[in-house]
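K.L.:
First residue of the sequence shown? That's 121 in the working numbering, and the numbers climb one at a time after it.
By construction, the Cβ of each residue, glycine as well, lies at the ideal position given by its N, Cα and C atoms.
Computed from a predicted model, the values in this text were never measured in an experiment.
Shown below is the structure under consideration.
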Amino acid sequence: MKLGKIISNPIKVVPKVEEPQSVQLLTPINYYGGKTNLAPKILQLIPPHEVYTECFFGGGAVFFAKEPVKIEAINDTNDEVINFYRTCKKEFKALSAELDKTLFSEKEHQRASMIYNNPKKYTNVERAWALLVLSQQSFLNIIDNSWKFQRQRNTAMGFQNKKEMIDQRYLKRLERTQIFNRDANRVLENMDTPDTFHFIDPPYFQANMGHYDGYTEKDFEQLLKTCQNLVGKFMLTTFPSPILEKYRKRNKWYQFQIKMPSSAKTGNHLTGNEGMKIEVITMNYKPTRDMVSLFEEKLKPRMAA
121 MKLGKIISNP
131 IKVVPKVEEP
141 QSVQLLTPIN
151 YYGGKTNLAP
161 KILQLIPPHE
171 VYTECFFGGG
181 AVFFAKEPVK
191 IEAINDTNDE
201 VINFYRTCKK
211 EFKALSAELD
221 KTLFSEKEHQ
231 RASMIYNNPK
241 KYTNVERAWA
251 LLVLSQQSFL
261 NIIDNSWKFQ
271 RQRNTAMGFQ
281 NKKEMIDQRY
291 LKRLERTQIF
301 NRDANRVLEN
311 MDTPDTFHFI
321 DPPYFQANMG
331 HYDGYTEKDF
341 EQLLKTCQNL
351 VGKFMLTTFP
361 SPILEKYRKR
371 NKWYQFQIKM
381 PSSAKTGNHL
391 TGNEGMKIEV
401 ITMNYKPTRD
411 MVSLFEEKLK
421 PRMAA
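This is how it looks when you write it as structure tokens:
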């Protein structure tokens with residue numbers, strides 16, 4: 121099959137085992153719906169750019185994994201998420217000291233939940249501490265979910281490793297980054313240039329959105345309308361949907377469909393009986409031969425209508 125035919129239509133693929141590009145930093149927040157597992161592959165699909173945006177930042181797995189560029193902007197509408205990164209940037213030592221004395225404890229989780237739900241009563245450092253604790257110690261990494269514990273895995277050691285991982289590298293990474301707290305569409309429009317690359321990972325309106333509950337199909341369509349007017353390049357990650365397919369065909373966007381394990385889908389992550397999910401990566405730029413070679417084709421491509 122000719123290369124042009126493969127890359128001009130959606131194909132269902134699974135990532136190869138090898139990951140040719142190393143990740144710079146892991147996300148400081150293990151986030152429900154984050155792209156930690158897919159980030160090494162996403163890095164290989166990113167084109168050259170001078171301006172970078174993530175308008176649905178969350179844990180920022182791709183941002184922290186990639187090399188910095190000249191101008192970078194991150195955004196999230198969750199005030200506590202933005203406070204966390206702002207505190208990392210401005211009060212890193214105080215936050216680090218607070219984390220250093222924190223145990224993997226149900227009591228700590230309860231305290232973090234109290235702070236998260238009553239942010240005006242606490243300092244920025246306490247709020248940032250609470251978000252990290254909740255992201256690491258909550259079931260399925262859903263902020264403010266029930267406290268997680270396991271019989272098969274040492275979750276306390278995982279939390280300790282995360283605390284030790286968060287160091288001055290994260291402060292440096294955020295020093296020259298613009299941190300927005302506004303509607304994602306505005307960030308895309310404000311930062312768009314011919315040299316911009318937008319990584320867009322919105323809440324998946326077709327699924328359990330955890331702490332981002334409330335994002336609707338109407339919101340998603342407005343995002344697609346914004347995307348079709350961008351002059352820069354974008355990559356959009358989500359689940360398949362008729363509305364996405366409509367805009368993909370209309371704008372002749374390129375797309376990969378990838379099978380990924382989904383612990384959240386079945387709720388069996390403690391037993392290892394994970395289900396599978398289909399993620400789609402949609403782009404408004406033509407993948408190179410090297411990009412296409414990162415994937416193993418499993419099914420014939422669907423022909424565009």
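Once DSSP output is grouped into helix, strand and coil, what is the label at leucine 158?
P.N.:
DSSP places leucine 158 in coil when its eight states are reduced to three.
K.L.:
Taking C-alpha atoms, which residue in Pro362, Lys345, Pro360 and Ser361 lies nearest to phenylalanine 354?
P.N.:
Lys345
K.L.:
Would you mind working out which of Arg231, Ser233 and Ile286 sits nearest alanine 217, comparing C-alpha positions?
P.N.:
Ile286
K.L.:
Could you compute how far the alpha carbon of phenylalanine 300 sits from the alpha carbon of threonine 207?
P.N.:
Annotation: phenylalanine 300 to threonine 207 spans about 14 Å, alpha carbon to alpha carbon.
K.L.:
Return the residue from the list Leu215, Ser255, Phe212 and Ser413 that minimises the CA-CA distance to serine 233.
P.N.:
Ser255
K.L.:
Report yes or no: do three or more beta-carbon pairs, one from the region 289-296 and one from the region 309-328, lie closer than 8 Å?
P.N.:
no
K.L.:
Is it true that the CB of phenylalanine 177 sits closer than 9 Å to the CB of tyrosine 196?
P.N.:
Reading off the sequence shown, one finds aspartate at residue 196, where the question assumed tyrosine. In contact: aspartate 196 and phenylalanine 177 (Cβ atoms closer than 9 Å).
K.L.:
With glutamine 348 as the anchor, note down where its beta strand (DSSP E) starts and where it stops.
P.N.:
Counting along the chain, glutamine 348 falls outside any beta strand (DSSP E), and DSSP gives it neither H nor E.
K.L.:
Apply the 10 Å Cβ neighbour rule to asparagine 349 and answer buried if 16 or more other Cβ atoms are within range, or exposed otherwise.
P.N.:
exposed
K.L.:
May I ask you to verify whether the region 396-415 touches the region 359-375, counting CB pairs closer than 8 Å and requiring at least 3?
P.N.:
yes
K.L.:
Quick one: what's threonine 173 bridged to in DSSP?
P.N.:
Ala193 and His318
K.L.:
Using 10 angstroms around the beta-carbon of valine 307, count the other beta-carbons present and answer buried if the total reaches 16, otherwise exposed.
P.N.:
buried
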